[in-house]
Amino acid sequence: MEVSDQFWQASIDDWKRGYVREHDVYRCLLCGKQTEIGIIYPEGGVLYEAERYLKWHIQHAHGSVFHYLIGLDKKLTGLTDHQNSLMKLFYEGKNDREVQQELGIGSASTIRNHRFGLKEKERQAKVFLTMMELLKEKDQHAPTFVDIHKTATMVDERYNVTLEEYEQIVKKYFPEGTAGKLVSFSQQEKHKIVVLREIAKRFEQDRLYGEKEVNEILKPVFHDYVKVRRYLIEYGFLDREPDGSQYWLKG
Numbered sequence: 159m160e161v162s163d164q165f166w167q168a169s170i171d172d173w174k175r176g177y178v179r180e181h182d183v184y185r186c187l188l189c190g191k192q193t194e195i196g197i198i199y200p201e202g203g204v205l206y207e208a209e210r211y212l213k214w215h216i217q218h219a220h221g222s223v224f225h226y227l228i229g230l231d232k233k234l235t236g237l238t239d240h241q242n243s244l245m246k247l248f249y250e251g252k253n254d255r256e257v258q259q260e261l262g263i264g265s266a267s268t269i270r271n272h273r274f275g276l277k278e279k280e281r282q283a284k285v286f287l288t289m290m291e292l293l294k295e296k297d298q299h300a301p302t303f304v305d306i307h308k309t310a311t312m313v314d315e316r317y318n319v320t321l322e323e324y325e326q327i328v329k330k331y332f333p334e335g336t337a338g339k340l341v342s343f344s345q346q347e348k349h350k351i352v353v354l355r356e357i358a359k360r361f362e363q364d365r366l367y368g369e370k371e372v373n374e375i376l377k378p379v380f381h382d383y384v385k386v387r388r389y390l391i392e393y394g395f396l397d398r399e400p401d402g403s404q405y406w407l408k409g
């Protein structure tokens, strides 16, 4: 559903692999799925040890780490729609002429100019990343920000929430704890997003729900469960079939 804290804390090498090892388990950075060392996992008539099975999982559940990353919101990738399209085709191994023909733009030399632009962006990213790492060593007053969930539909200043603010909002609206009732449904965007994020945790990843099941989960949360259900979809936490027959946690 969301890009986890663990994902952001991982190294670039970990990102490229798409998983990390934690004691006796391997954990997918993209969705949190884990495999246990020493366990054999059967799949399609093949037996996989833990690490190989997690690699299989990433390929079949996410396509690749690249496809996961390129699917993030542009506020997270910093890519324009055009740059996003170009990188997808480059990743597929298309040459400049093939890219030019598929996108119907300019000439092969135009594509080379775009490649140069992406290379410049890479250099800028390296410089900025290094500066931020150095800044962390000196800036003792920087707050911890809550990461934006991957499937957010409208990424703007409403997601500018520090960890301290998040905890205060949760305590205000869930005085009995997040497993309890929601005391009110605020129209303040920042508060609404925090509340919806907590409610979405009541749903399981990779599970389909009927509308009745969704309602039964939401009824104990808030009396106007239909409003909550609507906002969970509107803000990108849940998705559903057009006819409302099935719902699922986005991720």
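Every letter in the sequence shown is one number past the one before it in our numbering, and letter 45, counting from 1, is 203.
Glycine included, every Cβ here is placed at the ideal spot set by N, Cα and C.
Since we're looking at a predicted model, the values are computed, not measured.
Tyrosine 331 sits buried, since 16 or more C-beta atoms from the chains shown fall within 10 Å of its C-beta. Excluding sequence positions up to five before and after aspartate 254, its CB lies within less than 7 angstroms of the CB of Ala266, Ile269, Arg270, all in the same chain and listed in chain order.
Here tyrosine 211 has Thr193, Tyr199, Glu201 as same chain residues with Cβ atoms under 8 angstroms from its own Cβ, once five neighbours each way along the sequence are excluded. Its chain contains Asp182, Ala208 as the residues whose beta carbon lies nearer than 6 angstroms to that of isoleucine 195, once the 5 sequence neighbours on both sides are disregarded; these appear in chain order. Secondary-structure assignment with DSSP links phenylalanine 286 through no beta bridge to anything. With respect to leucine 188, phenylalanine 165 sits close: the two C-beta atoms are nearer than 9 angstroms.
The criterion of a C-beta distance shorter than 9 angstroms is not satisfied by leucine 293 and valine 304. Cβ-Cβ separation between tryptophan 406 and leucine 396: approximately 7 angstroms, consistent with a contact (criterion under 8 angstroms). Judged by DSSP in its simplified three-state form, threonine 235 adopts helix.
In the DSSP assignment, glutamine 217 falls within the unbroken alpha helix (DSSP H) covering 208-220. The beta-carbon distance between valine 384 and phenylalanine 343, rounded to whole angstroms, is 11 angstroms. This is too long to meet the 8 angstroms contact definition. Around the C-beta of arginine 355, 16 or more other C-beta atoms lie within 10 Å, and the residue is accordingly described as buried. Cβ-Cβ distances below 6 angstroms link valine 352 to Tyr324, Ile327 in the same chain, with the five nearest sequence neighbours on each side left out; the list follows chain order. A straight line joining the alpha-carbon of tyrosine 367 with that of histidine 220 spans about 21 angstroms.
Leaving aside the five residues that flank methionine 245 on each side, the residues in its chain whose CB is nearer than 8 angstroms to its CB run, in chain order, Ile228, Leu237, Leu276.
In the DSSP assignment, arginine 185 forms a beta bridge with Val178, Gln192. Under DSSP, leucine 205 takes part in a beta bridge, and its partners are Pro200. Bridge partners of aspartate 397 according to DSSP: Trp406. Cα atoms of threonine 336 and arginine 179: separation of roughly 30 angstroms, rounded to the nearest angstrom.
Excluding five sequence positions before and after glutamate 291, none of the CB atoms of its chain fall closer than 8 angstroms to its own CB.
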